[in-house]
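J.: Take the sequence shown: its letter number 2 is residue 9 in our numbering, and every next letter is one higher.
Each residue gets a CB set at the ideal place from its N, CA and C atoms; glycine is no exception.
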Amino acid sequence: MKVLGNILWVILGGLIMALGWILAGVICCITIIGIPLGIQAFKMAQLVFWPFGKTVDYSKMGTGSVLLNILWLLIFGWGLALGSAILGLVYCITIIGIPFGLQWFKFAKLALLPFGAEIIDTR
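Shown next as structure tokens:
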């Protein structure tokens with residue numbers, strides 16, 4: 008079921024979105040200051056490309072991660088999280104779209120707190 012969900016996800020826009028996140032990560036990594044932001048963009052690209060069967064673990068969040076998450080939230084996070092939450096609500100309107108909507112909610116949470124988060128396969 009996870010494989011089918013991921014294949015449908017990639018066909019219905021996941022590939023384009025993952026490529027967008029990769030491009031954003033490359034652009035951020037051009038400067039030394041932007042490298043931490045680029046790493047977070049690559050983390051999002053990994054999850055966006057193949058989201059079903061993966062979960063995000065927030066247990067390794069330390070003081071540095073909290074401070075970086077606050078900065079991220081003020082600059083980028085709130086907009087990304089709001090957009091993902093809205094898309095999650097739109098997808099959840101239909102019964103068929105609920106699994107995709109739940110993935111958008113996972114992206115919204117990661118968009119708020121990317122530093123210190125780890126993507127884990129759930130098999």
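1) Closer than 6 Å by C-beta to PHE114: which residues in its own chain qualify, once you throw out the five before and the five after it? Chain order, please.
2) With a threshold of 8 Å, are at least 3 pairs of Cβ atoms found where one atom belongs to the segment 83-97 and the other to the segment 60-68?
3) In terms of DSSP beta bridges, what is LYS61 paired with?
4) Helix, strand or coil: which one does DSSP assign to CYS99?
5) Just verifying my parser: in three-state terms, what is the DSSP assignment at SER42?
6) Which residues bound the alpha helix (DSSP H) around CYS35?
7) Please report how far the alpha carbon of LEU89 lies from the alpha carbon of VAL33, in whole angstroms.
8) State whether the segment 103-113 contacts the segment 29-43, with contact taken as three or more CB pairs (one from each stretch) at a distance under 8 Å.
9) What do you reckon, are the CB atoms on LEU119 and LEU80 nearer than 8 Å?
10) Let me confirm a value: LEU74 is counted as buried when at least 16 other C-beta atoms fall within 10 Å, else exposed. Which label applies?
11) Just the Cα atoms here: how many angstroms apart are ASN13 and PHE49?
12) Closest by CA to ASN76, which one among PRO121, TRP85 and LEU19?
T.: The relevant details are as follows:
1) SER91
2) no
3) ASP128
4) coil
5) Strictly speaking, residue 42 in this sequence is Ile, with Ser absent from that position. The answer is helix: DSSP assigns ILE42 an H, G or I state.
6) 22-35
7) 23 Å
8) no
9) yes
10) exposed
11) 18 Å
12) PRO121
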